[in-house]
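Sequence positions in the sequence shown follow the numbering used here and run 1286 to 1454.
Where a beta carbon is used, it is the ideal one built from N, C-alpha and C, also for glycine.
None of these values were measured; they are calculated from a predicted model.
See structure below.
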Amino acid sequence: MDYRIGQGWDRHRLAAGRRLVLGGVEIAAPVGFVAHSDGDVLLHALCDALLGACALGDIGAHFPDTDPAWKGMDSRRFVAEVLAQVNAAGWSLVNLDGTIVAETVRIAPHREAIRESLAGLVGLPKDRVSLKAKTAEGTDAVGRGEAMDAQVVVLVSRGEDRGSGGSGR
Ligand code: MG
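Rendered as structure tokens:
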């Protein structure tokens, strides 16, 4: 079995009166993302992690923000298209681990809904989908509530499990 790790990071600006969508879940909040698509930083970081693991480029190359086709796009479609390419290259997602860095929007009350959404999107059981939340402790643009960050790490595998049966897998 061949394994690869990928990491992704994204940041979008926040402004009053915009939609806030994280992991495909719409969250009621006084601020939302300023972005060409729906601005879902968590799904954008997931796409980059998947593409990175398979050395398939980055989300900007696949879905350029200069292309009107992606304006207001539901980012779940980006994930579906990226996952299709990853699978076409023979890779399967093993697990994902995400972190959201947000100052003024509390993520914890939405954590389970977001995990369930992510699990459904990538076709994994929930115990392989982790989501953590932090603040920026009042520092930098995220800490001032001007932006939100997300980071995602994924593991993908390809090929036969050649273990002799003693690997415990
Ligand atoms: Mg983005």
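beta-carbon residue i near ligand 1 non-hydrogen atom, thresh 8 Å
i     : result
I1385 : no
V1326 : yes
I1392 : no
A1432 : no
S1322 : yes
D1343 : no
D1295 : yes
A1329 : A small correction: the amino acid at residue 1329 is His; Ala does not occupy that position in the sequence shown. Yes, ligand 1 has a heavy atom inside 8 Å of this Cβ.
Per DSSP, cross-strand counterpart(s) of residue i
i     : result
S1377 : S1442
K1419 : V1386
D1350 : In the DSSP output, where bridge partners are listed per residue, D1350 has none listed.
R1289 : V1441
Cβ separation of residue i and residue j, assumed to be a contact under 8 Å, to the nearest whole Å
i     : j     : result
V1390 : V1316 : 7 Å
G1430 : L1299 : 7 Å
I1392 : V1310 : Not quite, the Cβ-Cβ distance comes to about 10 Å (not below 8 Å), so this is no contact.
Secondary structure, alpha helix (DSSP H): runs of 4+ residues fully inside the stretch 1291–1335: The stretch 1291–1335 contains no whole alpha helix (DSSP H) run of 4 or more residues.
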